[in-house]
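Residue numbers (our numbering), protein chains in the order written: chain W, 1470 to 1585; chain X, 826 to 942.
Where a beta carbon is used, it is the ideal one built from N, C-alpha and C, also for glycine.
Just so you know, these numbers come straight off a predicted model, no measurement behind them.
Down below is the structure, laid out as structure tokens.
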Amino acid sequence: AQKITQTQPGMFVQEKEAVTLDCTYDTSDPSYGLFWYKQPSSGEMIFLIYQGSYDQQNATEGRYSLNFQKARKSANLVISASQLGDSAMYFCAMREDNTNAGKSTFGDGTTLTVKP
Amino acid sequence: DTEVTQTPKHLVMGMTNKKSLKCEQHMGHRAMYWYKQKAKKPPELMFVYSYEKLSINESVPSRFSPECPNSSLLNLHLHALQPEDSALYLCASSQEGQGGLGQETQYFGPGTRLLVL
């Protein structure tokens, strides 16, 4: 079973609008972390935001926020006020404390295109 | 500073060549990783070094040979590669020993684009 599912292969958003990128995960480990990375065409994987499984509040980092719904096992990324430079591939990832030797599991990614 | 550097940025090599990829971080991280990434796919873990010891080898062919000379450096030695090994090779690092692994962010370098002819 896939541990991280990103159901949107591609998304389009108008510049200055908000967009939500979906991520659902599957784990029985009570302690884990969820991460979002941005990968522009240049190739570098840029860390955006982190949410711990025990965190009570949703994580925020500037224009990025993580809509964490633990019961639904979802960790959607919200990008507010989209910019042309946000066009990239976005990966959701999970690391479990006690399972899978702490390896990161990545989703298949979502390609976001910001339209002017 | 969350910088991981990788050299070279691009590499073209023949199937009989020997080359090395280099990765460096100065964040005091004690875990370092090599990933292979094909176009439009997620990264695939190859190796993990923890405190300069190889802790995970994801059944990678022996034509890939990792080396961790010290806590800041990670090399990937390449020999007799195949065209299907052409990919983006990403290095990453993370802190260790500060709570659970689930709390440790991996920071990635810019990658080396490898083409095997």
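(1) Is there a C-beta anywhere in chain W that falls below 8 Å from the one on P833 of chain X?
(2) According to a CB-to-CB cut-off of less than 7 Å, which residues of the region 1560 to 1572 of chain W neighbour chain X?
(3) Any beta-carbon of chain X closer than 8 Å to the one on G1521 of chain W?
(4) If we define contact as Cβ-Cβ less than 8 Å, is E1513 of chain W a contact residue for chain X?
(5) Within 8 Å, do at least three Cβ pairs link the region 1486 to 1493 of chain W to the region 1533 to 1550 of chain W?
(6) Run down chain W in chain order and give the residues with a C-beta less than 9 Å from the C-beta of L836 of chain X.
(7) Report the rounded CA-to-CA distance for V873 of chain X versus M840 of chain X, giving the unit in angstroms.
(8) Please list, in chain order, all residues of the same chain as A1413 of chain W whose beta carbon is under 7 Å from its beta carbon, the five residues on each side excluded.
(9) For R855 of chain X and chain W, any beta-carbon pair shorter than 8 Å?
In short, the structure shows the following:
(1) no
(2) F1560, R1564, E1565, D1566, A1570, G1571, K1572
(3) yes
(4) yes
(5) yes
(6) Within chain W, no residue comes near L836 of chain X; the closest Cβ sits about 13 Å away, beyond 9 Å.
(7) 25 Å
(8) Past the edges of chain W, shown from 1470 to 1585, lies residue 1413 of chain W, and the structure says nothing about it.
(9) no
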